[in-house]
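So the sequence shown is numbered by the numbering used here: it starts at 734 and just counts up by one.
By construction, the Cβ of each residue, glycine as well, lies at the ideal position given by its N, Cα and C atoms.
Quantities reported herein were computed from a predicted structural model and do not represent experimental measurements.
The block underneath contains the structure these notes are about, expressed in structure tokens.
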Amino acid sequence: MNGDRILLVEDDKEIREGVEIFLKSQGYAVFQAADGVEGLKVLEEREIDLAIVDVMMPRMDGITMTAKLREKYDFPVIFLSAKSEEVDKILGLNMGADDYMVKPFGVLELSARIRSLLRRTKREEDRDVLFYQDIQVNRKTREVSSGGRLVELTLKEFELLVYLLENQSRVVTRDELLNRIWGYEYDGETRTLDMHIRTLRQKLGEEGGACIKTVRGVGYRMVR
Numbered sequence: 734m735n736g737d738r739i740l741l742v743e744d745d746k747e748i749r750e751g752v753e754i755f756l757k758s759q760g761y762a763v764f765q766a767a768d769g770v771e772g773l774k775v776l777e778e779r780e781i782d783l784a785i786v787d788v789m790m791p792r793m794d795g796i797t798m799t800a801k802l803r804e805k806y807d808f809p810v811i812f813l814s815a816k817s818e819e820v821d822k823i824l825g826l827n828m829g830a831d832d833y834m835v836k837p838f839g840v841l842e843l844s845a846r847i848r849s850l851l852r853r854t855k856r857e858e859d860r861d862v863l864f865y866q867d868i869q870v871n872r873k874t875r876e877v878s879s880g881g882r883l884v885e886l887t888l889k890e891f892e893l894l895v896y897l898l899e900n901q902s903r904v905v906t907r908d909e910l911l912n913r914i915w916g917y918e919y920d921g922e923t924r925t926l927d928m929h930i931r932t933l934r935q936k937l938g939e940e941g942g943a944c945i946k947t948v949r950g951v952g953y954r955m956v957r
């Protein structure tokens, strides 16, 4: 039982109920909606991992609904449509769908496509999160925690920490950090980098800050 939450937006009640029964048998939590208006209302009340959206529906069609949900959400969307022409599929994908299935469709194929999209999404989420000791950084949401405590960083502090974590297996030189974060060559006088490292250490706290080690005359590296 995987527990992933699926929003099923389809105006044909028979299709909607049949797909829901099958998906529930596969361990998914399913939330129904008969059109785009209802679908958007469900999104306000529930956390969703993937949406299956019919293209042609009354009140609000699937393309309009998907355009609206893309303003706030980033989960995968599968379009369902009776239109099978290549141009229709291309239009659907260009309008925000991650996949496109032509009616009538098989529930086994639908299930396989759902699993594929959810696996891809989870891999992308894993790449968005960096860990080191008690430090955790989410590159997508820009949230940082150290020792279980949320840490507020400036943009440059955040970029410094991310770059150090991405290169935690080696010493990162001062010139490299200045070029990467500020975009200019280190001139031997500026204390900009040192000041940012100092405030970053302070904000990460005693244990988190101690993970950033100065390598004298070279740069910085992460240590355990």
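Neighbourhood of residue i by C-beta, 6 Å cutoff - its chain only, sequence neighbours within 5 removed
i	result
Gly-938	Ser-879 and Gly-880
Glu-922	Residue placement at Glu-922 cannot be trusted, given a pLDDT of 46 that sits under 50; the coordinates are not used to answer.
Val-835	Ser-817
One or two residues paired with residue i in a DSSP bridge
i	result
Asp-832	Ile-811
Tyr-896	Answer is none; Tyr-896 lacks a bridge partner.
Val-862	Asn-871
Tyr-953	Val-905 and Thr-947
Ile-739	Val-763 and Leu-783
Leu-883	Ser-878
For residue j and residue i, believed in contact at Cβ under 8 Å, the rounded distance
i	j	result
Val-877	Leu-888	About 12 Å separates the two Cβ atoms, so there is no contact after all.
Glu-892	Ile-914	5 Å
Glu-890	Thr-932	6 Å
Thr-874	Ala-830	Contact doesn't hold; Cβ gap of about 24 Å is too wide.
Cβ shell of residue i (< 7 Å), same chain only, five flanking positions each side left out
i	result
Pro-791	Asp-744 and Asp-768
Leu-756	Ile-739 and Val-763
Lys-801	Leu-773
Where residue i falls, given that 16 or more other Cβ within 10 Å makes a residue buried
i	result
Ser-817	exposed
Arg-907	buried
Asp-927	exposed
Gly-839	exposed
Glu-771	buried
Ser-795	Per the sequence presented here, residue 795 reads as Gly, with Ser not at that position. With 16 or more other Cβ atoms within 10 Å, it is buried.
Gly-760	exposed
Leu-783	buried
Leu-841	exposed
Residue i: CB within 7 Å of a non-hydrogen atom of the ligand FMN
i	result
Leu-824	This structure simply doesn't include the ligand FMN, nor any ligand for that matter.
Nonlocal neighbours in the same chain, by C-beta distance under 8 Å from residue i, ignoring five residues either side
i	result
Lys-946	Tyr-953, Arg-954, Met-955 and Val-956
Arg-882	Gly-938
So does the segment 863-871 actually touch the segment 840-853, counting three or more Cβ pairs closer than 8 Å?
Flag = no, the segment 863-871 and the segment 840-853 do not touch.
Say whether the segment 782-797 touches the segment 810-827, bearing in mind that this needs 3 or more beta-carbon pairs closer than 8 Å, one atom from each stretch.
The segment 782-797 makes contact with the segment 810-827; the number of CB pairs closer than 8 Å reaches 3 or more.
Would the segment 824-834 and the segment 774-781 be scored as touching if the rule is three or more Cβ pairs under 8 Å?
Verdict: no, contact absent.
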